[in-house]
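Student: In full-length UniProt numbering, the protein residues as written are 1 to 772. Even for Gly, the Cβ is constructed at its ideal location relative to N, Cα and C.
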């Protein structure tokens, strides 16, 4: 299978393509199926370079083909898309939009051509083998004619939609959400066709991996969906029905959601039928490196359980041996990758943006999306690589921000076999090891490895690893590595490394210079305060001047980046902070650096969930940096700052999460309790930190959840312990519901993602425990 996509295949692909071109002009016409296979092989071989940090090489190989195919255009689209999302640079995003639009149109035309040829009766898409029905099939035995081009079209739509949503224009953003809906319809049609054919094979007693001829893939469903999709192309903007959120979503592929000895409610009939399709153990589905790693073996005390769950992960979807034809491999791995990303992204839309779901007409499904991405990683091609990159980014990045996640104990006892809930450390470690083996030149794996270390409360090691990380061939990956180094230095309170790292980010990337300057100013402020308390007047003067200079660069460099025509939330946050300090300095008659209250560096640590990554010795150090004694203003002015509600609330929420992670739940609760009934008007205003009040309620939810998951807090009696947990989970949900309905505030999207993840975790535990 791998020979179709990797290694020596490139040379063979070029030879086959050249021979096909020559034959086209001679009396012997090349078999179109061989030409398509060669095009697919060459394009995927080139696209694999993208994941290996060689976008330039990938683009050169893809552009070298004069007779470029839809697959080559897709590869070029993926290349520019990766540049755009890693760098968020406007010019590259515009180029990506144009290139993806061309790919979308070309793939649509090729799909229609393939369908038309198939309808003609003698079309080459119908070929199933040799004349006598024996021998290997030359075309797909699973998907309807043109499915490979339909997937290319859907991938281009999906990538184009993501870029549109990131665009500064609200109009482009809305168009992007319509593209998401169209991509969903197309991907759903592909997966539905697959599930139907595999179910028929099972009913007829045909082995999944067989290449023998079976009933031809039906094209009725895919044609009908394409007619709907085609009609959608004429739509610009229509009003979504008010009850769109309640409308039934299109059926989606659920074949991989097998339930064995299920501890939860039974799934649909389709789930059950598709779940039984794995006729062979999946022990060879993944490279052996995925079955575990030295790191995971050292960290777990139950190797037998680990091996079982890893095997069940392989069995969570159809075995990779089911798909032997290059087109089938491409479509299955690509559709799972794309659909998985789509379902996962939509599932993470925070409550504040829930109305955007009305436009799309469906909801995401985090569990199904994650399962599909894992299924795609079974294949050693660019689709599996992108799926792996997405999974690691989700687990080590997005999920790492969440506080309310299922405990390891609950996952061990309650999760269904093959169900992936929370943060699967062992699977992620094995996946990372496999990705590094496949793409050894990629700098992304070093970044993900550092994230793994940080999530394991080994931040100093993460900093050391990133410092040693060499520059990538891709400037965007180097910038991401520098940003990761800088934030980890923030968490470890290494102010010099933090400052220098963000200065490098400004050189490498133009995502948000104003936020970078704010970070740099915060680092210089801590160096100024350190020098003041150390009695070093020379150093104090130097760092004070630098802090004020960088803080004052924030307004001048803000507003360059927008999201859906709105200024980026963290830029708004930084602008308000600097303006607040400027106003306070003027009111108190002091310098800007002395007008700063609670440590902005520790505040950013809170907003970046840095305390989750801290070790025990770092907790005490962070609490010391949050002390009012760090302020350099006079005692009289510091007392005035203490009386400002939102200033005091910053200290409260930042200390609360530290105490919570230390296991000091009563202290954590006591810090935020006084703010639960505060007058909201005291936190409203152009220079006030309005996020602190909803965050106080969120921290109460997090504390209640941790008490529900910490056996040290439970009563000795089992029944009493269960009731205690139930009450705590209910308490946590009540606080989360309160935050869900909160009015708009500056950082509502960021906090909303934590709230949504928490709500999903609570719903999962209540379902497993039958807590209505």
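If we count Cβ pairs, one from each stretch, closer than 8 Å, do we get three or more for the stretch 76-86 versus the stretch 107-116?
Tutor: The answer is no - the stretch 107-116 does not touch the stretch 76-86, with fewer than three Cβ pairs under 8 Å.
Student: Roughly how many whole angstroms lie between the Cα atoms of residue 328 and residue 580?
Tutor: Their backbone Cα atoms lie some 59 Å apart in a straight line.
Student: Is it buried or exposed for residue 322, if we count other Cβ within 10 angstroms and need 16 for buried?
Tutor: With 16 or more other Cβ atoms within 10 Å, it is buried.
Student: Can you give me the C-alpha to C-alpha distance between residue 260 and residue 419, rounded to a whole angstrom?
Tutor: In this predicted model, residue 260 has a pLDDT of only 34, less than 50, meaning its place in the structure is not dependable enough to derive any value.
Student: Helix or strand or just coil, what does DSSP make of residue 678?
Tutor: Note: residue 678 maps to coil in three-state DSSP.
Student: Give the straight-line distance between the Cα atoms of residue 549 and residue 572, rounded to the nearest whole angstrom.
Tutor: Residue 549 and residue 572: Cα-Cα distance of roughly 19 Å.
Student: With distances taken between CB atoms, is the gap from residue 186 to residue 143 smaller than 8 Å?
Tutor: For residue 186 and residue 143, no; Cβs fall outside 8 Å.
Student: Rounded to whole angstroms, how far is the Cβ of residue 773 from the Cβ of residue 180, which I believe are closer than 8 Å?
Tutor: Residue 773 is absent from the structure shown; the chain starts at 1 and stops at 772.
Student: In its own chain, which residues sit with a C-beta less than 6 Å from the C-beta of residue 391, not counting the 5 before and 5 after it?
Tutor: Closer than 6 Å at the Cβ level, and outside the excluded window around residue 391, lie 373.
Student: Residue 697: buried (16+ other C-beta within 10 angstroms of its C-beta) or exposed?
Tutor: Result: buried.
Student: Residues in the same chain with beta-carbon distance under 6 Å from residue 521, minus the five sequence neighbours each way, listed in chain order, please.
Tutor: Only 547, 550, 551 meet the Cβ criterion.
Student: Residue 369 and residue 51 - do their beta-carbons sit closer together than 8 Å?
Tutor: Not in contact: residue 51 and residue 369 (Cβ atoms no closer than 8 Å).
Student: Helix, strand or coil for residue 567 per DSSP?
Tutor: Three-state DSSP puts residue 567 in a strand.
Student: Could you pull out every unbroken alpha helix (DSSP H) segment of at least 4 residues lying fully inside the stretch 698-751, listed in chain order?
Tutor: Segments of the alpha helix (DSSP H) lying fully in the stretch 698-751: 718-740.
Student: Taking 8 Å as the limit between beta carbons, can you name the residues of its chain near residue 74, skipping five residues before and five after?
Tutor: Cβ within range, chain order: 43, 47, 103, 107, 152, 155, 156.
Student: Rounded to whole angstroms, what is the Cα-Cα separation between residue 630 and residue 654?
Tutor: Cα to Cα, residue 630 sits roughly 15 Å from residue 654.
Student: For residue 635, count neighbouring C-beta atoms within 10 Å of its own C-beta (all shown protein chains included) and say buried if the count is 16 or more, exposed if not.
Tutor: It is exposed - the Cβ of residue 635 has fewer than 16 other Cβ atoms within 10 Å.
Student: Hey, out of 105, 514, 627, 77, whose CA is closest to residue 94's CA?
Tutor: Nearest C-alpha to residue 94: 77.
Student: Among 145, 556, 432, 59, which one has its Cα closest to the Cα of residue 33?
Tutor: Residue 33 has its Cα closest to that of 145, out of 145, 556, 432, 59.
Student: Thinking residue 401 and residue 754 are a contact (beta carbons under 8 Å), I'd like their distance in whole angstroms, please.
Tutor: About 6 Å; that satisfies the 8 Å criterion.
Student: Rounded to a whole number of angstroms, what is the C-alpha to C-alpha distance between residue 609 and residue 657?
Tutor: Answer to the nearest angstrom: the Cα atoms are 9 Å apart.
Student: Taking the Cβ atom as the reference point for each residue, do residue 605 and residue 532 lie within a distance shorter than 8 Å?
Tutor: Going by C-beta atoms, residue 605 is not nearer than 8 Å to residue 532.
Student: Where does residue 439 fall in DSSP's three states?
Tutor: Coil.
Student: Use the C-beta contact count for residue 284: other C-beta atoms within 10 angstroms, 16 or more gives buried, fewer gives exposed.
Tutor: In this prediction, residue 284 has a pLDDT of 31, which is less than 50 and means its spatial position is unreliable; what the coordinates show is noted afterwards. Flag for residue 284 reads exposed.
Student: Three-state secondary structure (DSSP) at residue 80?
Tutor: Residue state, collapsed to three classes: helix.
Student: To the nearest angstrom, report how far apart residue 459 and residue 470 are at their CA atoms.
Tutor: Computed Cα separation, rounded: 19 Å.
Student: I'd like the list of long-range same chain contacts for residue 383, defined as Cβ closer than 6 Å, with 5 residues on each side in sequence excluded.
Tutor: Same-chain partners within the cutoff: 333, 334, 337, 376.
Student: At the level of alpha carbons, what is the spacing between residue 707 and residue 735?
Tutor: Cα to Cα, residue 707 sits roughly 14 Å from residue 735.
Student: Give every residue of the same chain whose Cβ lies closer than 8 Å to the Cβ of residue 625, excluding the five residues on either side of it in the sequence, and list them in chain order.
Tutor: These residues qualify, in order along the chain: 493, 526, 599, 601, 602.
Student: Pick out whichever of 761, 713, 140 has its Cα sitting closest to the Cα of residue 198.
Tutor: Comparing Cα-Cα distances from residue 198 to each of 761, 713, 140, the minimum goes to 140.
Student: Along the chain, where does the alpha helix (DSSP H) containing residue 691 start, and where does it finish?
Tutor: Counting along the chain, residue 691 falls outside any alpha helix (DSSP H), and DSSP gives it neither H nor E.
Student: So does the stretch 582-590 actually touch the stretch 668-679, counting three or more Cβ pairs closer than 8 Å?
Tutor: Output reads no: the stretch 668-679 does not touch the stretch 582-590.
Student: Among the residues of its own chain, which have a CB less than 7 Å from the CB of residue 82, if the five just before and after it don't count?
Tutor: Correct list, in chain order: 50, 55.
Student: How about the stretch 663-671 and the stretch 717-730: do they share at least three Cβ pairs that are nearer than 8 Å?
Tutor: Segments in contact, no.
Student: Shortest alpha-carbon distance to residue 453 belongs to which of 45, 615, 499?
Tutor: Measuring from the Cα of residue 453, the nearest candidate turns out to be 615.
Student: Report buried or exposed for residue 497, applying the criterion of at least 16 other Cβ atoms within 10 angstroms of its Cβ.
Tutor: Label assigned to residue 497: buried.
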